[in-house]
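Trainee:
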Amino acid sequence: FIHSLIFNTCLYLFLKRYSSRQFSVLLVLYVSLIYFYFSFEVQREILSISIFLINIKNLEEKKWTKFYILAIISFLFHISAIVIFFLPLFGKIKFSRKLVIITLLSSLLLFFVKDNIFDLFRIFLFLESMQSKGEAYSQVSFSLIGFLAYYFVRVILFLPMALFLLTRKSEQIIRNNWFYSAFLVISVFSQFLVGFERFLNYLFVLYFVIIVDFIYTDYIYIKSKLIKLTIMMSLLGSIFFVIQYKLFTKNDFGQHYYSIFFPYNTIFDYQVNEERESYHNNSQ
Numbered sequence: 003f004i005h006s007l008i009f010n011t012c013l014y015l016f017l018k019r020y021s022s023r024q025f026s027v028l029l030v031l032y033v034s035l036i037y038f039y040f041s042f043e044v045q046r047e048i049l050s051i052s053i054f055l056i057n058i059k060n061l062e063e064k065k066w067t068k069f070y071i072l073a074i075i076s077f078l079f080h081i082s083a084i085v086i087f088f089l090p091l092f093g094k095i096k097f098s099r100k101l102v103i104i105t106l107l108s109s110l111l112l113f114f115v116k117d118n119i120f121d122l123f124r125i126f127l128f129l130e131s132m133q134s135k136g137e138a139y140s141q142v143s144f145s146l147i148g149f150l151a152y153y154f155v156r157v158i159l160f161l162p163m164a165l166f167l168l169t170r171k172s173e174q175i176i177r178n179n180w181f182y183s184a185f186l187v188i189s190v191f192s193q194f195l196v197g198f199e200r201f202l203n204y205l206f207v208l209y210f211v212i213i214v215d216f217i218y219t220d221y222i223y224i225k226s227k228l229i230k231l232t233i234m235m236s237l238l239g240s241i242f243f244v245i246q247y248k249l250f251t252k253n254d255f256g257q258h259y260y261s262i263f264f265p266y267n268t269i270f271d272y273q274v275n276e277e278r279e280s281y282h283n284n285s286q
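Residue numbers (my numbering): 3 to 286.
#1: Which parts of the stretch 200-278 are runs of the alpha helix (DSSP H), unbroken and 4 residues or longer, counting only runs that do not cross its ends?
#2: Could you tell me the distance, in whole angstroms, from the CA atom of TRP66 to the CA atom of GLU277?
#3: Identify, in the order they occur along the chain, each residue of the same chain with its Cβ nearer than 8 Å to the Cβ of LEU17, setting aside the five sequence neighbours on each side.
#4: Between the alpha carbons of PHE166 and PHE242, how many angstroms are there, rounded?
#5: DSSP state of GLY2, grouped into three classes?
#6: With DSSP collapsed to three states, give me the class of ASN178.
#7: Buried or exposed: SER108, going by 16 or more other Cβ atoms within 10 Å of its Cβ?
#8: Could you tell me the boundaries of the alpha helix (DSSP H) in which LYS59 lies?
#9: Tell me, please, whether the stretch 173-186 touches the stretch 258-269 by the rule of three or more beta-carbon pairs shorter than 8 Å.
#10: For the putative contact between LEU61 and TRP180, defined by C-beta atoms under 8 Å, what is the C-beta separation to the nearest angstrom?
#11: Near ALA164, which residues of its chain fall below 7 Å by C-beta distance, leaving aside the five closest residues on each side in sequence?
#12: Please state whether DSSP places PHE79 in a helix, a strand or coil.
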């Protein structure tokens, strides 16, 4: 109850501050399964994320003492919160077409040195638990086809809406410049070191707020049908490939990913879901 209260209270306060379409954002959170993922699967990490949602205000207002105090609290819950300490740096990197081009070209160069990328970040892994996690993630790699597919859904699908807002010089870009730069760069690095994918968990809720705000305030005024279709398909694909695609996957033992969430059983009517237990045990 306490865990659920913390998460949902922080989510409510965040949506109340950052969105006038709270129920639309909640709908996207439900449809994308992010709400279930945060509520049922990454329960320790979501405490870090919940505090960060409140902390975004300090980031935007540059109240650094409050920001880093809450960042430390987030980190004490989960080591993935280390990314929060670097987010202010992205506020210094202006999101622009130049940044997009440089980042995309750099990602091509990184592909040829991907086996050494982990060594670049080893200096930041000052805890033994961080080092062991980093070592484990460094052993995971994509095939060429897997790399291209993942690159497309994580990096390319993000760009149509972002570049359109940049062209319109949207207030959204100015207010959340740090987000666009951070999401792009972290998404690129997650192709080479899959542990970076966990860092995106801290950005997804704001990302969905931005998507909903875009649909209500900008999308309806796009005159070109081709641009409209391209952006909408990219947004739907981006949402789908956060969690939803896993509904169609099984682990090596034939258990379905969706068994983690469905069917839902309350603690007041305790039942053992054999597939869920097996999926969880085989994921350790």
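All C-beta atoms in this analysis are idealised placements derived from N, C-alpha and C, irrespective of residue type, glycine included.
Mentor: Judging by the given coordinates:
#1: 206-219 and 227-242
#2: 46 Å
#3: GLN24, VAL27, LEU28 and VAL211
#4: 21 Å
#5: For residue 2 there is no data in the structure shown, the boundaries of the chain being 3 and 286.
#6: coil
#7: exposed
#8: 45-62
#9: no
#10: 7 Å
#11: TYR182
#12: helix
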